[in-house]
Amino acid sequence: IHSPTWLPNSDLLLFGQNGMIYGAQGEVSVPLLTEARVPAVSPDGRQMALIRQNAIWLYQLTMGIAARHCRIDNARTLLWSPDGEHLAATTDQGVVVVSVLTQEIIAQFPGDSPTWSGDGSFLAYVAKGEDNTTKIQVWELDSMETDVLASFRSKDKGAVHWSASGNALAYITDEGLHL
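The working numbering puts the first residue of the sequence shown at 10, with every later residue one more than the last.
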């Protein structure tokens, strides 16, 4: 079981398992989509992004229609921006940012564990260097520029999390939690 996500304003849980996306409520789970994985529900709850046939697909939850969005090889995670205008995907090669409107890849960088700021202006992620150096980096959507916020040696890949206000980041290293 992977990528569990709640449908907004609902008790319906969506998750991936064995190459299918399921819906579960209470003790009952039902397959919804075959040959699909990594469900991610949009902030407004109207559509679900998913991975199918090495591409991001958008499934209109109210109409039951799925359409191929753009090709992304080896995607492991999908994350909607808070405004629903962009998707960040983690792939084997790094982080990819896709415009939902234009269906184009607008940014690509080596890294993992992307997380959007509360207003969707920034995407923080963890970049791992070859010499066990880990960097916490922040990419700005408007300028398309990336800044390094922290750099440290770590055996683990680390993780980064935005505060609810979007004014602070917490990141985890071998030594513990840092703000």
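Glycine is no exception: its CB is placed at the ideal position from the N, C-alpha and C atoms.
Please list, in chain order, all residues of the same chain as residue i whose beta carbon is under 6 Å from its beta carbon, the five residues on each side excluded.
i: A43; result: For the record, residue 43 in the displayed sequence is Thr; it is not Ala. Excluding positions up to five away in sequence, the list reads M29.
i: A159; result: I145
i: D156; result: V147
Which of the three DSSP states, helix, strand or coil, is assigned to residue i?
i: S130; result: coil
i: G28; result: coil
i: G185; result: strand
i: G103; result: strand
i: D121; result: strand
i: Q112; result: coil
By Cβ distance below 8 Å, which residues in the same chain neighbour residue i in space, the five residues on each side in sequence not counted?
i: C79; result: A64, I65, V107, Q112, E113 and I114
i: W15; result: L21, L22, L23 and V50
i: V135; result: G120, D121, S122, T143, K144, I145, Q146, K166, G167, A168, V169 and Y180
Does residue i pass the burial test, meaning 16 or more other C-beta atoms within 10 Å, or should it be called exposed?
i: P17; result: exposed
i: G185; result: exposed
Looking at the strands, I want to know which residues DSSP matches up with residue i.
i: K137; result: T143
i: V169; result: Y180
With a threshold of 7 Å on Cβ separation, who are the neighbours of residue i within its own chain once the five nearest residues in sequence on each side are excluded?
i: G175; result: S126, G127 and D128
i: T71; result: R55
i: Y180; result: I145, A159, G167, A168, V169 and H187
Discussion item. When you compare the segment 101 to 119 with the segment 156 to 164, are there three or more beta-carbon pairs, one atom per stretch, that lie closer than 8 Å?
Written reply: no
Discussion item. Taking 8 Å as the cut-off, does the segment 47 to 54 touch the segment 89 to 109 (at least 3 CB pairs, one atom from each stretch)?
Written reply: yes
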